[in-house]
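Below is one structure, written out as structure tokens, with a few remarks after it.
Chains as they are written, first to last, in the numbering used here: chain A, 4 to 196; chain B, -16 to 171.
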């Protein structure tokens, strides 16, 4: 810091600041709030899964058609799987206490790798578990209402759902590739001397 | 309260107060630098206030794991930039402009290039626009340079090799020279 500052460094360092000060008590309060926010966010997603599962359990209990019951059962199993995945990844976003121990390069790379894994795993973790239930529900509709017009409607809707799933998968794969390029650049930056 | 609990409580107080003291010292010494840093990572005033508070919380928490293997300055800048980088990664979906590296920035045509800034505020705005276009790692390097850190310190904080830091600083000087008509590489 003993170097003579050039004009741009002077402009930067002499910019007006508000002089924000936080007492340790305020910091503790905010840290507690932050932790609660993380816990609540994780719970919220799991609670949403549980609500949907309860709804499907109601359909399961009130419907007497075996195929429909099987479809709802598969949906419930899928939602439980999603909830388990959410619970397992839940603690990842909390601020690590040893944040200063990692160099920026390694920390940033780890952040990008985490993002890449989330994006890459949207399909196997969150979409694929719901597919068996959906397929079974489609079969149940097709069998229960064996009129060609109804079949056409079901097929059109299925086509639309398949397109949406494919679109989500393609977008996520593209995002994962972009993130991977940035990760590779960071590995190269670390290894080059 | 049992004797064991008493011992734990007595031992916990000095450790906690040390972390608190370390935080207070750091906030006093680097408070202004942290504000400037938050400004470089977030343009929106409300989000910036939140980010700055997140940086302070992270800093306070991090001092519980501070082992003195690096200087407090290195630690503070690492924590602050790491929180800033996380913020940038989180804002990825809402960003309208793609982030670039110094190399791309050096080659990008810019409407302001060669135009002298009317005053310090305009120069600062221009500088902030430039910084906010950079990816987090290069943003870290340019901010460290603007804060007056030497190449060795920048290398220690970022984890970049000395050669890499030297190349990046060279590029930073070229970009700033083009933006602010400082006479390029002669300016050191």
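Yeah, the Cβ is synthetic: ideal placement off N, Cα and C, and Gly gets one too. Just so we're clear, the structure is a prediction, and the values are computed from it rather than from any experiment.
Beta carbon proximity, residue i to chain B, threshold 7 Å
| i | result |
| --- | --- |
| residue 160 (chain A) | no |
| residue 114 (chain A) | yes |
| residue 155 (chain A) | no |
| residue 183 (chain A) | no |
| residue 190 (chain A) | no |
| residue 4 (chain A) | Its pLDDT being 45, under 50, residue 4 (chain A) is placed unreliably by the model, and nothing is read from it. |
| residue 121 (chain A) | no |
| residue 11 (chain A) | yes |
| residue 102 (chain A) | yes |
| residue 89 (chain A) | no |
| residue 20 (chain A) | yes |
| residue 176 (chain A) | no |
| residue 34 (chain A) | yes |
| residue 44 (chain A) | no |
| residue 53 (chain A) | no |
| residue 56 (chain A) | no |
| residue 27 (chain A) | yes |
| residue 165 (chain A) | no |
| residue 23 (chain A) | yes |
| residue 30 (chain A) | yes |
| residue 180 (chain A) | no |
| residue 110 (chain A) | yes |
| residue 147 (chain A) | no |
| residue 95 (chain A) | Low local confidence applies: a pLDDT of 45 at residue 95 (chain A) is under 50, so the model's placement there is unreliable, and no value is given. |
CA nearest to the CA of residue i, picked from the options
| i | options | result |
| --- | --- | --- |
| residue 109 (chain A) | A:17, A:13, A:187, A:26 | A:187 |
| residue 38 (chain B) | B:102, B:16, B:142, B:149 | B:16 |
| residue 103 (chain A) | B:50, B:72, B:149 | B:50 |
| residue 47 (chain A) | A:33, A:23, A:89, A:36 | A:89 |
| residue 143 (chain B) | A:69, A:191, A:136 | A:191 |
| residue 143 (chain A) | A:68, A:37, A:125 | A:68 |
| residue 13 (chain A) | B:130, B:20, B:85, B:5 | B:130 |
| residue 249 (chain A) | A:150, A:145, A:174, A:176 | Absent from the structure is residue 249 (chain A), since the part of chain A shown begins at 4 and ends at 196. |
| residue 152 (chain B) | B:121, B:72, B:163, B:140 | B:121 |
| residue 3 (chain B) | B:22, B:67, B:145, B:44 | B:44 |
| residue 141 (chain A) | A:64, A:31, A:75 | A:75 |
| residue 159 (chain B) | B:90, B:46, B:80, B:65 | B:90 |
| residue 177 (chain A) | A:123, A:135, A:130, A:163 | A:123 |
| residue 140 (chain B) | B:36, B:19, B:41, B:54 | B:54 |
| residue 149 (chain B) | B:11, B:161, B:132, B:163 | B:132 |
| residue 47 (chain B) | B:19, B:35, B:14, B:7 | B:7 |
| residue 137 (chain B) | B:161, B:5, B:41, B:64 | B:64 |
| residue 85 (chain B) | B:128, B:118, B:18, B:126 | B:118 |
| residue 82 (chain B) | B:113, B:109, B:66, B:59 | B:113 |
| residue 86 (chain A) | A:125, A:71, A:129, A:59 | A:129 |
| residue 174 (chain B) | B:126, B:29, B:79, B:78 | Because residue 174 (chain B) is not part of the residues shown, which for chain B are -16 to 171, the question remains open. |
| residue 33 (chain B) | A:84, A:106, A:166, A:33 | A:33 |
| residue 29 (chain A) | B:87, B:154, B:36, B:155 | B:36 |
| residue 182 (chain A) | A:120, A:81, A:133, A:172 | A:120 |
| residue 115 (chain B) | B:161, B:146, B:157, B:68 | B:68 |
| residue 127 (chain A) | A:81, A:57, A:147 | A:81 |
| residue 22 (chain A) | B:21, B:30, B:105 | B:21 |
| residue 133 (chain A) | A:147, A:184, A:77 | A:77 |
Any non-hydrogen atom of the ligand GDP within 6 Å of residue i CB
| i | result |
| --- | --- |
| residue 112 (chain A) | Among the components modelled here there is no ligand, and therefore nothing to report on the ligand GDP. |
Sheet register partners of residue i (DSSP bridge)
| i | result |
| --- | --- |
| residue 83 (chain B) | B:117 |
Residue-chain proximity (residue i, chain A), Cβ-Cβ < 7 Å
| i | result |
| --- | --- |
| residue 136 (chain B) | no |
| residue 153 (chain B) | no |
| residue 103 (chain B) | yes |
| residue 45 (chain B) | yes |
| residue 129 (chain B) | yes |
| residue 3 (chain B) | yes |
| residue 51 (chain B) | no |
| residue 157 (chain B) | no |
| residue 120 (chain B) | yes |
| residue 87 (chain B) | no |
| residue 15 (chain B) | yes |
| residue 141 (chain B) | yes |
| residue 147 (chain B) | yes |
| residue 169 (chain B) | Since pLDDT at residue 169 (chain B) reaches only 40, below the 50 mark, its modelled position is unreliable, and the value read off the structure follows with that caveat. Output row for residue 169 (chain B): interface = no. |
| residue 163 (chain B) | yes |
Proximal residues of chain E, C-beta to C-beta of residue i below 7 Å
| i | result |
| --- | --- |
| residue 106 (chain B) | Protein chains in the displayed structure are A and B, and chain E is not among them. |
Below 8 Å between beta carbons is the criterion; list the residues of the stretch 56 to 76 of chain B that meet it against any residue of chain A, in chain order.
-> 57, 58, 59, 61, 62, 64, 65, 66, 68, 69, 72, 75
Is the stretch 11 to 22 of chain A close to the stretch 50 to 67 of chain A, with three or more CB pairs under 8 Å?
-> no
Taking contact to mean at least 3 C-beta pairs separated by less than 8 Å, is the stretch 70 to 80 of chain B in contact with the stretch 105 to 123 of chain A?
-> yes
If contact means a Cβ-Cβ distance below 7 Å, which residues of the stretch 23 to 49 of chain B contact chain A?
-> 35, 36, 39, 40, 41, 43, 44, 45, 47, 48, 49
Which residues, in order along the stretch 70 to 88 of chain A, keep a beta-carbon less than 7 Å from a beta-carbon of chain B?
-> Flagged: no residues at all.
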